[in-house]
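Peer 1: Got a structure for you, written out below as structure tokens; questions coming shortly.
2 protein chains.
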Amino acid sequence: MDLLFQYFKKYNQLSKEAEEAIAAISSIQQIKKNKDLQPIGHTCKTIYFINKGMARIYYFKDGVDITESFAFENNTLTRVESLFTGKPSRKAIQILEDSELVAISSVKLFELYDRFPEIERLFRRIFEAAYVDTVNRIEGMQFHSAEERYNALLSEAPGVLLRVPLKYISSYLGITQVSLSRIRGMR
Amino acid sequence: MDLLFQYFKKYNQLSKEAEEAIAAISSIQQIKKNKDLQPIGHTCKTIYFINKGMARIYYFKDGVDITESFAFENNTLTRVESLFTGKPSRKAIQILEDSELVAISSVKLFELYDRFPEIERLFRRIFEAAYVDTVNRIEGMQFHSAEERYNALLSEAPGVLLRVPLKYISSYLGITQVSLSRIRGMR
DNA sequence: TTGATTATTTATCTTATGTTAAACAGATAG
DNA sequence: CTATCTGTTTAACATAAGATAAATAATCAA
Numbered sequence: 001m002d003l004l005f006q007y008f009k010k011y012n013q014l015s016k017e018a019e020e021a022i023a024a025i026s027s028i029q030q031i032k033k034n035k036d037l038q039p040i041g042h043t044c045k046t047i048y049f050i051n052k053g054m055a056r057i058y059y060f061k062d063g064v065d066i067t068e069s070f071a072f073e074n075n076t077l078t079r080v081e082s083l084f085t086g087k088p089s090r091k092a093i094q095i096l097e098d099s100e101l102v103a104i105s106s107v108k109l110f111e112l113y114d115r116f117p118e119i120e121r122l123f124r125r126i127f128e129a130a131y132v133d134t135v136n137r138i139e140g141m142q143f144h145s146a147e148e149r150y151n152a153l154l155s156e157a158p159g160v161l162l163r164v165p166l167k168y169i170s171s172y173l174g175i176t177q178v179s180l181s182r183i184r185g186m187r
Numbered sequence: 001m002d003l004l005f006q007y008f009k010k011y012n013q014l015s016k017e018a019e020e021a022i023a024a025i026s027s028i029q030q031i032k033k034n035k036d037l038q039p040i041g042h043t044c045k046t047i048y049f050i051n052k053g054m055a056r057i058y059y060f061k062d063g064v065d066i067t068e069s070f071a072f073e074n075n076t077l078t079r080v081e082s083l084f085t086g087k088p089s090r091k092a093i094q095i096l097e098d099s100e101l102v103a104i105s106s107v108k109l110f111e112l113y114d115r116f117p118e119i120e121r122l123f124r125r126i127f128e129a130a131y132v133d134t135v136n137r138i139e140g141m142q143f144h145s146a147e148e149r150y151n152a153l154l155s156e157a158p159g160v161l162l163r164v165p166l167k168y169i170s171s172y173l174g175i176t177q178v179s180l181s182r183i184r185g186m187r
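Just so you know, the protein sequences line up as chains U and G, in that order.
Okay, so the first sequence: first residue is 1 according to UniProt numbering, each after it adds one.
Okay, so the second sequence: first residue is 1 according to UniProt numbering, each after it adds one.
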């Protein structure tokens, strides 16, 4: 759980008791590559933190597999549209490399908020930062060509392209696999 | 401030003292149509609530005016990428109709979080809900044609099309004014 | 290793959307 | 009321990206 508590420090410094309370509602999971960690239709009741490995959130639009987002080590992984609404998610989480995760029960976590305002503050800040990332991503999608979006991804997260099959990346960029291949061929 | 406290109740029921504390750091503003409420480059330190009227958040990409989002009465209006990072915003807020706003000082609000965990919880939930909306919007942008996006807007917020100039709507949808006009002409 | 999947690229053709310019319409100021 | 400005539509043409299919390339299991 060390990496997790290191990560927390960036958002709010927790007391020993608060850390222990979180540890008590968390568990470590080893998940194999390509496994669906949470399927479509499942209501999200877990906040994951990735110690090692990576994952993506995906869904189907007209039968076509679309990657909504990627998540890498040292970051959280959650289907917020389900976590914060309590509704079943139309999306699934797929593990893309053999991974080690910390699974935090969101139900129990939200109960801790009453006893530990510092924990509520911590997660408020974590999700505020994630919200900002999402708003910035909209800007990227609104008026950039596919090529610009590809180049942006290349410079922001060059590692993605080495670790993730291109077919997952193309839908993340909002284009087809064929278009992505064409863009890559241009250089 | 009545509308505002009504709105708060959807997220968290506040005590009388908490409501008063928020009222004490808020003010009512009347803003004329087409005025820039906050300019580009300004660091956002205010959370607005719209009592009456409407506004948009916009920015420039290669000299072209792009609408990031619209906000209507009975909702909040904030440039979160600046509010939560403390950095100057690349975006501006423009008032689109003569409007009445409640302006809440975010600096003072964040101080209230320490005295009133119930206020921190309230705004945590407000922004969690806004975060979910933003995630859902990405889904809409990722793999829908311009026509689908227009029709979606038409059914989700028909009022927008009556109140907002089309030139602002086209960039919101991620297309040119000409394309939007063409799509509208199809029916 | 070999064959069989799965992933990626290439090719051809089609189509949606961008670009530019001009026409038209509606609003606003003098 | 007219002239001007701003917003919207229409037209003609250019281009990026989609669709489909086939060719390679890479991965994986037997």
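Built from N, CA and C at the ideal position, the CB exists for glycine as well.
Keep in mind it's a predicted model, so treat the numbers as computed, not measured.
1) If we define contact as Cβ-Cβ less than 7 Å, is K30 (chain G) a contact residue for chain U?
2) Shorter than 7 Å from the beta carbon of F84 (chain G) to some beta carbon of chain U?
3) Return the chain-ordered list of same chain residues with a C-beta closer than 6 Å to the C-beta of L112 (chain U), the five sequence neighbours on each side being excluded.
4) Would I66 (chain G) count as contacting chain U if we go by Cβ distances under 7 Å?
5) Just to confirm the assignment, what range does the beta strand (DSSP E) spanning E97 (chain G) have?
6) Using the three-state DSSP reduction, which class does N74 (chain U) fall into: helix, strand or coil?
7) Are the CB atoms of S99 (chain G) and G53 (chain G) within a distance shorter than 7 Å?
8) Give me, in chain order, the residues of the same chain whose beta-carbon lies closer than 7 Å to that of S106 (chain G); leave out the 5 immediate sequence neighbours on both sides.
9) Please list the segments of the alpha helix (DSSP H) lying wholly inside the region 3-43 of chain U, counting only runs of 4 or more residues, in order along the chain.
10) Give the DSSP bridge partners of Y48 (chain G), in chain order.
11) Mind checking whether M186 (chain U) and M141 (chain G) have CB atoms under 7 Å apart?
12) Taking 7 Å as the CB-CB cut-off, is T78 (chain U) touching chain G?
13) Would you identify the three-state DSSP class for A92 (chain G), choosing helix, strand or coil?
14) Under 7 Å, Cβ to Cβ, is there at least one residue of chain U near K167 (chain G)?
15) Tell me the DSSP secondary structure of S82 (chain G) in three-state form.
16) Interface residues of chain U around K61 (chain G) at Cβ under 9 Å?
17) Following a CB-centred definition, is Q30 (chain G) positioned closer than 6 Å to any heavy atom of the ligand MG?
18) Which of helix, strand or coil does DSSP assign to T134 (chain U)?
Peer 2: By the coordinates alone:
1) Looking at the sequence itself, residue 30 (chain G) is Gln, so the reference to Lys does not match. Judged by the 7 Å Cβ criterion, Q30 (chain G) is not in contact with chain U.
2) Yes, F84 (chain G) counts as interfacial toward chain U.
3) Taken in chain order, the residues that qualify are A21, I119.
4) Output row for I66 (chain G): interface = yes.
5) For E97 (chain G), no beta strand (DSSP E) encloses it, and the DSSP letter there is neither H nor E.
6) Secondary structure at N74 (chain U): coil, using DSSP grouped into helix, strand and coil.
7) Yes, they are a contact pair.
8) The answer, listed in chain order, is K45, T46, I47, L83.
9) For the alpha helix (DSSP H) assignment, the uninterrupted runs of no fewer than 4 residues enclosed by the region 3-43 of chain U are, from N- to C-terminal side, 16-24.
10) According to DSSP, residue pairing for Y48 (chain G) in a beta bridge involves G:L77, G:A103.
11) Contact: no.
12) Contacts with chain G at 7 Å (Cβ-Cβ) do not include T78 (chain U).
13) The three-state secondary structure of A92 (chain G), taken from DSSP, is strand.
14) Output row for K167 (chain G): interface = no.
15) Here S82 (chain G) sits in helix by DSSP.
16) The answer, in chain order, is E139, Q142, F143, H144.
17) The ligand MG is not part of the structure shown, which contains no ligands of any sort.
18) It is helical.
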